[in-house]
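Those letters in the sequence shown? Residues 1 to 522, per the UniProt record's numbering, in order.
Ideal Cβ placement from N, Cα and C applies to all residues, glycine included.
To keep things clear, I will list the structure first and then write my remarks on it.
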Amino acid sequence: MGHSTEVPLRYGFAIDQRTCIGCHACTVACKTEHEVPVGQFRTWVKYVESGDFPATTRDFGVMRCNHCTDAPCVKICPTQALFKRDDGIVDFDNERCIGCKACMQGCPYDAIYIDEDTHTAAKCNFCAHRVDEGLEPACVVVCPTHSIWVGDLDDPTSGIAKLVNENPVQVRAPEQNTGPNVFYLGADRAVLDPQAAPTGESYLWARPDEHRKSASKDLPVDPVSKARTTLNTAHPRPWGWRVTTYLWTKAVGAGAMLLAALAHMLGVDLGAVGDIVAPAIGVAGIAITGVLLVWDLKRPERFLYILLKPNPTSWMFWGAVVLGAGAGLFVAWLAMGVLGAAGIIAASTVDTVFTWLAVPALLAAAMTAGYTGFLFGQAEGRDLWQSPLLFWHLVVQAFMVGAGALVVAALVEDTDDAGRTFLLSALTVTALLHVFMLLFEYLGRHATRHAAAAAHMVVSGRYARMFWAGGIGLALLGTALAGAGWAAGSLALGLLAGLVVQGALLAYESVFVRAGQDVPLS
1 MGHSTEVPLR YGFAIDQRTC IGCHACTVAC KTEHEVPVGQ FRTWVKYVES
51 GDFPATTRDF GVMRCNHCTD APCVKICPTQ ALFKRDDGIV DFDNERCIGC
101 KACMQGCPYD AIYIDEDTHT AAKCNFCAHR VDEGLEPACV VVCPTHSIWV
151 GDLDDPTSGI AKLVNENPVQ VRAPEQNTGP NVFYLGADRA VLDPQAAPTG
201 ESYLWARPDE HRKSASKDLP VDPVSKARTT LNTAHPRPWG WRVTTYLWTK
251 AVGAGAMLLA ALAHMLGVDL GAVGDIVAPA IGVAGIAITG VLLVWDLKRP
301 ERFLYILLKP NPTSWMFWGA VVLGAGAGLF VAWLAMGVLG AAGIIAASTV
351 DTVFTWLAVP ALLAAAMTAG YTGFLFGQAE GRDLWQSPLL FWHLVVQAFM
401 VGAGALVVAA LVEDTDDAGR TFLLSALTVT ALLHVFMLLF EYLGRHATRH
451 AAAAAHMVVS GRYARMFWAG GIGLALLGTA LAGAGWAAGS LALGLLAGLV
501 VQGALLAYES VFVRAGQDVP LS
C-alpha cells in the first residue's frame with residue numbers, strides 16, 4: 001500500500017456487498033484503530049429489510065467517507081482542518097478544527113461526526129497512518145470475506161481498478177457530482193438511497209435515534225418493496241437554535257443599515273433614526289451574531305483560527321471577513337452620527353462623510369445579510385439550502401426586519417412624514433415580497449428529490465403548522481398592518497407590523513434550518 005510521490009494516485013474503496021455478511025468486523029476494527037467513542041462511527045454497517053414476514057430479505061451496506069475527488073467538506077472547512085492528500089485521501093487535522101460543523105453540512109454522505117472526546121470533526125481517513133507505512137486500512141485486514149478492496153483506482157493493473165472496471169458498480173448520491181471514490185458491487189438501491197428505506201419504529205438490537213425516526217415519518221415507503229432501515233448510525237442535526245437566531249440578528253442589523261444608507265442616497269432624512277439608531281442596531285446585530293457563532297463552536301477557544309488559519313474557498317471564512325468589514329463601517333457611521341448630534345462635528349461635515357460611507361455601508365450590509373446564501377450553497381448535503389434565490393431572499397428578509405425595527409424607533413424619535421413614508425413603504429413592500437418568494441420557493445418544482453422531500457416537510461409535513469401560521473401567516477399580517485400604516489401615515493400600525501415581522505422571520509428560519517437537515521443522508 002505504499003505510494004510514490006512521483007506518480008499521481010487516487011486511492012479508493014470497493015465494497016462487494018455480494019459477499020458481505022454484515023459481521024461488523026470492519027466497524028470494530030475501525031473503532032479500535034482510531035479509539036472512536038462509544039456510539040460514534042467512522043465506518044458502520046447499515047441494514048435494510050424488504051418485504052413482509054415470512055417473505056423478507058435483508059441487505060447490507062458498509063457506510064463511510066467517500067474520499068471524494070471534489071470533496072465539499074474540504075471546500076467549506078474554514079480552517080483547512082480537512083484537506084485532500086496527493087494520493088486522493090481526504091484527511092483531517094483535529095488540531096486546526098474549531099468544531100463549526102460546516103463539514104457535516106457539506107458532506108452528502110453523513111460521514112462526518114463531532115468526536116465526543118476531542119470536540120472536533122472526525123471521519124474515515126483511509127487509515128492514512130497505516131497507508132504511509134505500506135499497510136492496508138484496518139477494516140480491510142479484518143474483513144473475513146475480502147469484501148473490502150482498496151488501492152489505486154487510476155492504476156489499471158491494480159486489483160481494485162480491475163474489479164471496478166470489469167463489474168457493474170454504484171456510488172452513493174451520484175447526483176451531487178462529488179466524484180465519490182467508494183464503489184459498491186451488488187448493493188441494493190434501498191441501501192444506497194436513504195430515502196428509499198425510511199427508518200421504522202425500532203432497530204434490530206436498539207432503538208433508532210429520535211431525530212432519524214421522527215424525520216422518517218415524512219418519507220414515503222415503497223409500496224412494493226416495503227423497504228425499511230433496521231440498523232443505522234445516528235443522524236444528528238448539527239445546527240440548531242443558535243444558527244436560526246443568528247440568521248435573524250444579522251438580518252435586523254444589516255437591514256437597519258441597508259435602509260439608513262439607502263435613505264441617505266435617496267435624500268430621505270431619517271434624522272436620529274438613520275444617523276444613530278440604525279447603525280447602533282447594525283453594530284448590535286453583528287455583535288450578537290458573533291457571540292452566537294462563537295457559542296455554537298465545539299472548540300470556541302479556537303475561534304480566531306478562522307482568521308489565523310483561513311481557507312480561502314470557504315464562505316464561512318469570508319463570512320467572518322464580511323462581518324468584520326460591516327462592523328467597522330457601521331461603527332464609523334454611528335460615531336459620525338453621535339459626534340454630529342453632540343455638535344462636536346458640523347452637520348455639513350457629517351453629511352459629507354455619510355455620503356462617502358453610504359455605498360460601502362450599503363454593500364457591506366447587503367453582504368452581511370446575504371453571505372449565508374453562499375455558505376449554505378456550499379452545504380452540499382442539504383439540497384433545500386441550494387436555492388439560487390437564497391442570497392436575494394436573505395437581503396429581502398433583512399430589509400423587512402430592519403424596516404420593522406426602524407419603524408419602532410421612528411415612533412419614539414418622531415421622524416418626519418417623508419421618513420415615516422419611506423420606512424412604512426419599505427416594510428410593506430419587502431414583507432409582501434418575502435411572502436411571494438416563500439410561496440415561489442416551496443410550492444414550485446424542486447431540482448432534486450432531496451430538496452422536494454425537505455419542502456414536503458415544510459409545506460405539508462412536520463413543519464407545516466409553523467410554516468403556514470408563523471412564517472406565512474405572521475408575514476401576511478405584518479404586510480397588512482404595514483400597508484394600512486403606510487396608507488394612513490400611522491406609525492402605531494407600523495409598530496405592530498414591525499414587531500410581527502420579527503416573529504415571522506424567526507418562525508420561518510427555524511423551519512428552514514431544521515427541515516434542511518432532516519432529510520437523511522445515510
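- The alpha-carbon of Pro-279 is positioned some 47 Å away from that of Ile-89.
- Between Leu-505 and Val-401, the C-beta spacing is below 8 Å.
- Distance from Gly-22 to Val-45 at the Cβ level is roughly 5 Å; contact confirmed, criterion being Cβ atoms closer than 8 Å.
- Under the three-state reduction of DSSP output, Ser-510 falls in the helix class.
- Linking Leu-496 to Pro-208 through their CA atoms gives a straight-line distance of about 44 Å.
- At the C-beta level, Cys-139 and Tyr-109 stay beyond 8 Å of one another.
- In this structure, the CA atom of Pro-310 is about 26 Å from the CA atom of Leu-362.
- For Asn-177, the number of other beta carbons within 10 angstroms of its own is below 16, and it is reported as exposed.
- Distance check between Arg-449 and each of Ser-348, Gln-386 and Thr-245 places Gln-386 closest, using alpha-carbon atoms only.
- If you draw a 10 Å sphere on the C-beta of Phe-317, you find 16 or more other C-beta atoms in it, and that means buried.
- Ser-147 and Asp-16 have their C-alpha atoms spaced approximately 5 Å apart.
- For the pair Ala-364 and Gly-337, the CB atoms are not nearer than the 8 Å cut-off.
- In the same chain as Ala-426, and ignoring 5 residues on each side of it, the C-beta atoms closer than 8 Å to its own belong to Leu-259, Phe-399 and Ala-403, in chain order.
- Rounded to whole angstroms, the Cβ separation of Cys-103 and Ala-128 is 17 Å, and the two are not in contact under 8 Å.
- Nearest to Ala-369 by alpha-carbon distance, out of Ile-98, Ala-234, Gln-397 and Gly-159, is Gln-397.
- A Cβ-Cβ distance of about 18 Å is found for the pair Cys-97 and Arg-242, leaving them out of contact under the 8 Å criterion.
- At the C-beta level, Leu-185 and Arg-382 stay beyond 8 Å of one another.
- Taking every protein chain shown into account, the CB of Asn-165 has fewer than 16 other CB atoms within 10 angstroms, so this residue is exposed.
- Residue pairing from DSSP places Phe-183 in a beta bridge opposite Ala-14.
- Per DSSP, reduced to three states, the secondary structure at Ser-50 is strand.
- Annotation for Ile-148: no alpha helix (DSSP H) segment contains it, though the beta strand (DSSP E) segment containing it runs 148-152.
- By the beta-carbon neighbour count (other beta carbons within 10 angstroms, threshold 16), Ser-214 is exposed.
- Relative to Met-265, the option among Val-359, Leu-82 and Leu-432 whose CA is nearest is Val-359.
- For the alpha helix (DSSP H) assignment, the uninterrupted runs of no fewer than 4 residues enclosed by the region 241-306 are, from N- to C-terminal side, 241-266 and 278-295.
- Under the three-state reduction of DSSP, Asp-59 is assigned to strand.
- Ranked by how close their Cα comes to the Cα of Cys-68, the residues Gly-179, Phe-126 and Ile-281 have Gly-179 in first place.
- DSSP places Arg-85 outside any beta strand (DSSP E), giving it a letter other than H or E.
- Measuring C-alpha to C-alpha distances from Cys-124 to each of Asp-91, Cys-107 and Gly-99 identifies Asp-91 as the nearest.
- For Ile-472, the number of other beta carbons within 10 angstroms of its own is at least 16, and it is reported as buried.
- By alpha-carbon distance to Gly-373, the top candidate from Leu-357, Val-513 and Asp-152 is Val-513.
- Rounded to whole angstroms, the gap between the alpha carbons of Val-150 and Ala-187 is 17 Å.
- Three or more beta-carbon pairs separated by less than 8 Å link the region 433-444 to the region 461-479, which places the two stretches in contact.
- Spatial neighbours of Ala-173 in its own chain (CB-CB distance under 6 Å, excluding positions within 5 residues in sequence) are listed in chain order as Pro-108.
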